[in-house]
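K.L.:
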Amino acid sequence: MHHSKIVGLGHHVPETVITNEYLSTIIDTTDEWIVERTGIRERRWIDPAKDTVANMAAKASRIALQRANLTEKDIDFIVFATITPDYFFPGSGVLLQRELGIDGRIGALDIRNACSGFIYALSVADQFIKTGMYKTILVVGAEIQSTAIDATTRGRNTAVIFADGAGAAILQPSAKQGILSTHLHSDGRFAEELYVKDPGSSRPREERQPEQILDTTSFKVVMNGSQVFKHAVVRFMEVINEALAANNMKKEDINLLVPHQANLRISQYIQEKLGLKDDKVFNNIMRYGNTTAASIPIAMSEAWAEGRIKENDVICLAAFGSGFTWASALIRW
Ligand code: UT7
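Under the working numbering, think of the first position of the sequence shown as 54, with each following residue one higher.
1. Consider the C-beta atom of Cys168 and the heavy atoms of ligand 1; say whether any pair is separated by less than 6 Å.
2. Check this for me: beta carbons of Ala219 and Ala380, under 7 Å apart or not?
3. Alpha carbons only, please: which of Arg151, Thr269, Gly231 is nearest the one belonging to Thr200?
4. So the candidates are Ala285, Arg340, Pro350; which of them puts its Cα closest to the Cα of Ser320?
5. Could you tell me which of Ala216, Val192, Leu191, Lys103 sits nearest to Asp203, measuring between CA atoms?
6. Grab me the residues of Tyr248's own chain with a C-beta within less than 7 Å of its C-beta, minus the 5 sequence neighbours each way, in chain order.
7. Within the chosen definition, does the region 163-182 reach the region 127-145 through at least 3 CB pairs nearer than 8 Å?
8. So the alpha helix (DSSP H) Thr91 belongs to, where does it begin and stop?
9. How about Glu361: is its Cβ closer than 6 Å to a heavy atom in ligand 1?
10. Under three-state DSSP, which class holds Tyr187?
11. Consider the C-beta atom of Val88 and the heavy atoms of ligand 1; say whether any pair is separated by less than 6 Å.
12. I want to check one thing, is the minimum distance from the CB of Ala352 to the heavy atoms of ligand 1 below 6 Å?
13. In chain order, what residues of the same chain have a beta carbon less than 7 Å from the beta carbon of Lys188, not counting five sequence neighbours either side?
14. Pick from Gly63, Glu85, Asn365: whose alpha carbon is nearest that of Ile232?
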């Protein structure tokens, strides 16, 4: 049985930088509050005239392919993690396939596991490679959150956090090493603690008529921030320890922890609990905010480009978010 290995990483973020200062002109908030509670200083928001989830994903994918010395033609399967697809349906996987100009009939699978989406996607791709079903899988996390947030004072706990971007990884078989294990969890009792309700299919038909909808709050992200925070810190630790135990490793064996960029305070809490030095944890939430399924591949791509991921390193990925879902992956690079 093969292992699967990440052979290329890429990312793309929209051009427009949204600073905390700008947000404080449209929302009752301050740079001080945002930095203190989240660590975020700026984030990127799309230009709806030119950016889509699929075209940002395609830009990230092309960089990953180039770094792997591969072309679009080499891809034989796509796994696409997003909770903000360009359409209600079909999903973003097929749009990415079209955008990349891949002809042929390769499969494209969509994953809707929010902040844990990229690790779920990686896990699915890993299984397909291990069984020999596919040889080159494109795994993507891409989101446009800026159009789903309530960018008013009412939605300020989410408006200051969530943002846009895309990250991609290419997986291929490897004889020796690569993804060592993945660990996936969920607890749907907490589904409504962080969600967007509409367009919900279980609504009566009349309620889904746009002209009937007077209050569009249900189309915006709703989050019980403190509840999500409390669960996140517990689950992050659990799922990282689970990955270490499954591989007979200790926290000292981690060369780089790449946590989902939910909130800098969450990353710092985990770092402290694990007793990891600053150079063993990668954070870029200060510049990009929380890009949900895109945050881990963007962070990995930047970490790799900065030379912080080297041959033989043990890389730990971990995420927690809406669902609740949480997940981890341990990789021998
Ligand atoms: O991606 C994975 C899932 N997401 C997360 O992991 C995020 C987890 N949660 C968080 O990061 C934090 O809960 C937040 C950063 C979202 C909020 O921080 P908090 O310390 O938990 O604040 P809070 O929601 O408990 O609100 C405290 C106060 C409230 O005012 P009152 O009621 O005490 O007067 C809020 O209205 O802070 C207020 N507040 C704000 N004030 C200024 C909330 N958002 C803002 C804001 N600016 N942007």
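Yeah, the Cβ is synthetic: ideal placement off N, Cα and C, and Gly gets one too. All of these numbers come straight from a predicted model, not from anything done at the bench.
P.N.:
According to the data block:
1. Sequence index remark: in the sequence shown, residue 168 carries index 115 (1-based). For Cys168, the shortest separation between its Cβ and any heavy atom of ligand 1 lies below 6 Å.
2. Position 166 of the sequence shown, counting from 1, holds the residue named residue 219. Position 327 of the sequence shown, counting from 1, holds the residue named residue 380. Taking 7 Å as the Cβ cut-off, Ala219 and Ala380 do not qualify as a contacting pair.
3. Along the sequence shown, one-based indexing puts residue 200 at 147. Minimum Cα distance to Thr200 is reached at Thr269.
4. In the sequence shown, the residue the question calls residue 320 occupies position 267. Per the Cα distances, Ala285.
5. Within the sequence shown, the letter at position 150 stands for residue 203. Taking the Cα of Asp203 as reference, the smallest distance to any Cα among Ala216, Val192, Leu191, Lys103 is reached at Ala216.
6. Against the sequence shown, residue 248 aligns to sequence position 195. Counting only Cβ-Cβ distances below 7 Å, and skipping sequence neighbours, we find Val275, Ser375.
7. Contact between the region 163-182 and the region 127-145 is present: 3 or more CB-CB pairs across the two stretches fall below 8 Å.
8. Translated into the one-based positions of the sequence shown, residue 91 becomes position 38. 84-91 is the span of the alpha helix (DSSP H), which, as asked, contains Thr91.
9. Locating residue 361 in the sequence shown gives position 308, where the first residue counts as 1. The sequence given here has Arg at residue 361, not Glu. Outside the cutoff, so no.
10. Locating residue 187 in the sequence shown gives position 134, counting from the first residue. Coil, per DSSP.
11. Residue mapping note: residue 88 aligns to position 35 of the sequence shown, counting from 1. In this structure, Val88 has its beta carbon at no less than 6 Å from each heavy atom of ligand 1.
12. Here the question's residue 352 lines up with position 299 in the sequence shown. Flag unset: Cβ of Ala352 not near ligand 1.
13. In the sequence shown, residue 188 corresponds to position 135, counting from 1. Correct list, in chain order: Asp129, Gln225, Pro226.
14. Looking up residue 232 in the sequence shown gives position 179. Ranking Gly63, Glu85, Asn365 by Cα distance to Ile232 puts Asn365 first.
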